[in-house]
Each structure stands twice: as C-alpha cells, then as structure tokens.
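See below for the structure under consideration.
Numbering (our numbering), first residue to last: 18 to 95.
Below, the structure written as structure tokens:
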C-alpha cells in the first residue's frame with residue numbers, strides 16, 4: 018500500500034473540506050503542497066522489518082525534529 022493511499026484515509030470525508038497528502042523524504046523533510054488546503058496529512062511509509070536499531074533511532078529523531086519544526090511554523094503562521 019502506498020503512502021498516498023493510506024494517508025488519504027485520514028483526510029476529511031466531506032468533499033467541501035479541502036485536504037492534501039504530502040510524503041516526507043528519508044530525512045523527514047517535505048516540500049510545500051502544490052495546492053492550497055485547509056487540511057494536510059504528512060508522513061512516511063513505515064520502515065521495513067529488520068531495520069537496525071541505529072537506523073530506527075536516527076529516523077525517530079528526524080521525525081521528532083520535523084514535528085517540532087511543523088509546530089513552530091503553525092505558531093508563526095497564526
């Protein structure tokens with residue numbers, strides 16, 4: 018299952034509410050959406066089974082940094 022397919026399930030069911038999905042790269046950075054939207058679902062597909070602990074730790078740290086960055090942008094954009 019692709020990220021887009023899975024993430025689209027989290028978008029509002031109401032077609033009057035616009036939403037987009039954005040897949041983050043391996044460093045958890047995202048490009049701005051191509052369309053304006055009031056709802057955004059962003060993330061990555063899960064890592065495969067058997068990934069090393071250092072890789073999992075690195076990915077978790079990058080994800081947390083990305084979440085903090087997104088929160089700062091939201092606060093600044095109020």
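No residue lacks a Cβ here, since even glycine has one placed at the ideal position from N, Cα and C.
Proximity of residue i and residue j at Cβ, strictly below 8 Å
{"i": "residue 74", "j": "residue 64", "result": "no"}
{"i": "residue 46", "j": "residue 21", "result": "no"}
{"i": "residue 58", "j": "residue 24", "result": "yes"}
{"i": "residue 81", "j": "residue 61", "result": "no"}
Close beta carbons around residue i, own chain, < 8 Å, minus the five adjacent residues each side
{"i": "residue 51", "result": "37"}
Three-way DSSP call (helix, strand, coil) for residue i in this model
{"i": "residue 34", "result": "coil"}
{"i": "residue 43", "result": "coil"}
{"i": "residue 77", "result": "helix"}
{"i": "residue 68", "result": "coil"}
{"i": "residue 52", "result": "coil"}
Enclosing beta strand (DSSP E) for residue i [first to last residue]
{"i": "residue 59", "result": "56-60"}
Where the alpha helix (DSSP H) through residue i begins and ends
{"i": "residue 24", "result": "20-25"}
The ligand ATP heavy atom lying under 7 Å from the CB of residue i
{"i": "residue 20", "result": "With respect to small molecules bound, the structure shown includes none, and the ligand ATP cannot be examined in it."}
Straight-line gap, residue i to residue j (C-alpha atoms, nearest Å)
{"i": "residue 43", "j": "residue 70", "result": "16 Å"}
{"i": "residue 89", "j": "residue 49", "result": "15 Å"}
Cβ-based neighbour list, residue i, same chain, cut-off 7 Å, excluding 5 preceding and 5 following
{"i": "residue 29", "result": "36, 56"}
{"i": "residue 76", "result": "64"}
Other residues of its chain near residue i: CB distance less than 6 Å, five sequence neighbours each side excluded
{"i": "residue 83", "result": "45"}
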